[in-house]
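S.K.:
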Amino acid sequence: MPPQIETDEHKALREAVATLGRKYGRTYMTSVISAGGHPSELWNEAGKLGYLGVNLPEEHGGGGGGIAELSIVLEELGAAGSPLLMLVVSPAICGTVIARFGTDDQKSRWLPALADGSRLMAFGITEPDAGSNSHRITTTARRDPASGDWLLTGRKVFISGVDMADAVLIVGRTEDARTGSLKPCLFIVPTDAEGFHKRPIDMELSAAEKQFELTLDDVRLPADALVGDEDAGLLQLFAGLNPERIMTAAFAIGMGRYALSKAIEYARDRTVWKAPIGAHQAIAHPLAQAHIDLELARLMMQKAAHLYDAGDDIGAGEAANMAKYAAGEACVKAVDQAVHTLGGNGLTREFGLASLITAARVARIAPVSREMILNYVSHQTLGLPKSY
Ligand SMILES: Cc1cc2nc3c(=O)[nH]c(=O)nc-3n(C[C@H](O)[C@H](O)[C@H](O)COP(=O)(O)OP(=O)(O)OC[C@H]3O[C@@H](n4cnc5c(N)ncnc54)[C@H](O)[C@@H]3O)c2cc1C
Numbered sequence: 001m002p003p004q005i006e007t008d009e010h011k012a013l014r015e016a017v018a019t020l021g022r023k024y025g026r027t028y029m030t031s032v033i034s035a036g037g038h039p040s041e042l043w044n045e046a047g048k049l050g051y052l053g054v055n056l057p058e059e060h061g062g063g064g065g066g067i068a069e070l071s072i073v074l075e076e077l078g079a080a081g082s083p084l085l086m087l088v089v090s091p092a093i094c095g096t097v098i099a100r101f102g103t104d105d106q107k108s109r110w111l112p113a114l115a116d117g118s119r120l121m122a123f124g125i126t127e128p129d130a131g132s133n134s135h136r137i138t139t140t141a142r143r144d145p146a147s148g149d150w151l152l153t154g155r156k157v158f159i160s161g162v163d164m165a166d167a168v169l170i171v172g173r174t175e176d177a178r179t180g181s182l183k184p185c186l187f188i189v190p191t192d193a194e195g196f197h198k199r200p201i202d203m204e205l206s207a208a209e210k211q212f213e214l215t216l217d218d219v220r221l222p223a224d225a226l227v228g229d230e231d232a233g234l235l236q237l238f239a240g241l242n243p244e245r246i247m248t249a250a251f252a253i254g255m256g257r258y259a260l261s262k263a264i265e266y267a268r269d270r271t272v273w274k275a276p277i278g279a280h281q282a283i284a285h286p287l288a289q290a291h292i293d294l295e296l297a298r299l300m301m302q303k304a305a306h307l308y309d310a311g312d313d314i315g316a317g318e319a320a321n322m323a324k325y326a327a328g329e330a331c332v333k334a335v336d337q338a339v340h341t342l343g344g345n346g347l348t349r350e351f352g353l354a355s356l357i358t359a360a361r362v363a364r365i366a367p368v369s370r371e372m373i374l375n376y377v378s379h380q381t382l383g384l385p386k387s388y
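In the working numbering, the protein residues as written are 1 to 388.
(1) Report the option in 289, 329, 266, 97 whose CA atom is closest to the CA atom of residue 344.
(2) Have a look at residue 101 and residue 20 and give me their C-alpha separation to the nearest angstrom.
(3) At the level of alpha carbons, what is the spacing between residue 77 and residue 146?
(4) Note down the Cα distance separating residue 138 from residue 204, rounded to an integer number of angstroms.
(5) Within the chosen definition, does the segment 198-215 reach the segment 106-117 through at least 3 CB pairs nearer than 8 Å?
(6) So, with DSSP's three-state summary, where would you put residue 243?
(7) Give a single yes or no on whether residue 112 has its beta carbon closer than 6 Å to a heavy atom of ligand 1.
(8) Can you confirm whether the segment 15-33 touches the segment 75-91 when touching is taken to mean that 3 or more C-beta pairs between the two stretches lie within less than 8 Å?
(9) Does the Cβ of residue 314 have 16 or more other Cβ atoms within 10 Å, making it buried, or fewer, making it exposed?
(10) Work out the CA separation of residue 382 and residue 174 for me, nearest whole Å.
(11) Grouping DSSP H, G and I as helix and E and B as strand, with all else coil, what is residue 160?
(12) Within its chain, find whatever has a CB closer than 7 Å to the CB of residue 45; leave out the 5 residues flanking it on each side and keep chain order.
(13) At the level of alpha carbons, what is the spacing between residue 91 and residue 294?
(14) List the endpoints of the continuous beta strand (DSSP E) containing residue 201.
(15) DSSP state of residue 248, grouped into three classes?
(16) Report yes if the C-beta of residue 358 is less than 6 Å from at least one heavy atom of ligand 1; otherwise report no.
(17) At what residue ranges does the segment 77-140 contain a whole run of the beta strand (DSSP E), taking only runs of 3 or more?
(18) In the DSSP output, which residue or residues are listed as bridge partners for residue 219?
(19) Could you spell out where the beta strand (DSSP E) holding residue 365 opens and where it closes?
(20) Quick one: what's got a C-beta closer than 8 Å to residue 114's C-beta in the same chain, skipping five residues either side?
(21) If you check the beta carbons only, do residue 250 and residue 74 fall under 7 Å apart?
(22) Can the beta-carbon of residue 346 be found less than 7 Å from the beta-carbon of residue 339?
(23) Under 8 Å by Cβ, that's how I've got residue 87 and residue 207 pegged, so tell me the actual separation to the nearest angstrom.
(24) Within its chain, find whatever has a CB closer than 7 Å to the CB of residue 259; leave out the 5 residues flanking it on each side and keep chain order.
(25) Identify the residues that DSSP records as bridge partners of residue 70: which are they?
(26) DSSP three-state label for residue 397, please.
(27) Mark residue 116 as exposed unless 16 or more other C-beta atoms lie within 10 angstroms of its C-beta, in which case mark it buried.
(28) Given a threshold of 16 other Cβ atoms within 10 Å of its Cβ, counted over all protein chains shown, does residue 390 qualify as buried or as exposed?
(29) Flag residue 33 as yes when its Cβ comes closer than 6 Å to any non-hydrogen atom of ligand 1, and as no otherwise.
(30) Relative to the C-alpha of residue 40, which residue among 388, 70, 163 is closest?
(31) Examine ligand 1 and report whether any of its heavy atoms sits within less than 6 Å of the Cβ of residue 367.
(32) Assign residue 253 to buried or exposed, taking buried as 16 or more other Cβ atoms, counted over all protein chains shown, within 10 Å of its Cβ.
(33) By DSSP, does residue 172 sit in helix, in strand, or in coil?
This is how it looks when you write it as structure tokens:
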């Protein structure tokens, strides 16, 4: 048998998810967005088919696969024009962290529901005064000595999908670790907890998932709201952040493929001289380049997912950063070129590509910006000194 980049199982999963994606597609997603709703029908059907929890352990209702499989799900839904951003957060970050570090009780309480999509968890690390510098986060947990409960106080910003979520996995720090380098602690915070407030942020973003600013005002949590070890620090956090980067790459590649497919379709038909515009190399070559960039980004994403699923957290860290960078850039370029290919129609609502210009930029900024990845590669990979 010839060597393959993807197994037959992966190809079958890709095809099956693509079929589901086509059933919903861009028309569905656009109608959800314009109604200000949630893509619940697609989410629920994907859950029933086992796609949302494909990475979670079988004994807790998941598919027993890894981030390689979950990234295929997101990429294919995105390529059909109906990406589910919360896949990046609920099963990929929160599900992974709970599966790897949660107690038996947390696993049985959360994983089956995250896997079938009946419950959803958001993720909150970003803070207004910390931004890209997560070491500066000040959301603080202190113990109530009388009850053993935690009391969590702080602010978070740009947290996606809180209105759909049953809980948010909040990254905080313990009181005695307030100063010095970050020793993060992860807490499951129910969205109906007293002292938990959310405010939608008015984004210029055409997406089904909304972003929120959170205020945590002495939110009282039981002792078992803490996921994993109070002292495990960054290792535990990156168990969730690397899947997040790989999944953001999948999100970007899916969106780039969708935009590119629309541009190719248009360039094949649209004729204003003797031949369709796709015959002009000034139109064809940038589309070919966009395709190559997306394919290369996917290769790096597959490498990152493979290393992560094989348990190589360090190797996966570098590859996940590079995959997120490559995919974000490829997506921004593919969308830009797709819009340009359609000429004036690139900016009409009917063709629906212009709204992707802002959406594509998300993959360049979040969850870690292009510049912070270049910083990481400069320092960690190339051994260059730091400017900050
Ligand atoms: C649509 C969307 C959804 C999001 N969802 C979530 C979520 O669910 N949960 C969550 O926790 N967060 C979420 N985020 C937040 C996201 O992770 C942050 O926006 C991102 O980490 C950048 O932080 P910032 O916006 O504070 O930018 P800043 O840190 O203020 O950076 C601003 C600019 O300065 C650059 N910069 C900063 N430091 C350096 C440096 N040392 N060298 C060079 N350049 C630098 C950055 O690259 C960037 O271009 C989301 C953001 C968006 C836009």
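A virtual CB, placed ideally from N, CA and C, is assigned to each residue, including glycine.
M.R.: Result, derived from the coordinates:
(1) 266
(2) About 32 Å.
(3) 49 Å
(4) One C-alpha to the other measures close to 28 Å.
(5) Look at the beta carbons and you see the segment 198-215 not touching the segment 106-117: under three pairs across the two are nearer than 8 Å.
(6) helix
(7) no
(8) yes
(9) exposed
(10) 33 Å
(11) strand
(12) 20
(13) 24 Å
(14) It is not in any beta strand (DSSP E) - residue 201 carries neither H nor E in the DSSP assignment.
(15) DSSP places residue 248 within a helical segment (H, G or I) once states are collapsed to three.
(16) no
(17) 121-124
(18) The partner list for residue 219 (beta bridge, DSSP) reads 152.
(19) Premise fails: residue 365 lies in the alpha helix (DSSP H), 355-365, not in any beta strand (DSSP E).
(20) So the qualifying residues of the chain are 52, 53, 56, 90, 91, 94, 95, 98, 120, 121.
(21) yes
(22) yes
(23) Contact flag wrong, Cβ pair sits at about 13 Å.
(24) 334, 335, 338, 353, 356
(25) Answer is none; residue 70 lacks a bridge partner.
(26) Missing from the structure shown is residue 397; the chain here goes from 1 to 388 and no further.
(27) buried
(28) Nothing can be reported for residue 390: it is not among the residues displayed for the chain, which extend from 1 to 388.
(29) No, Cβ of residue 33 sits at least 6 Å from all heavy atoms of ligand 1.
(30) 163
(31) Yes, the beta carbon of residue 367 sits closer than 6 Å to at least one heavy atom of ligand 1.
(32) buried
(33) DSSP places residue 172 in strand when its eight states are reduced to three.
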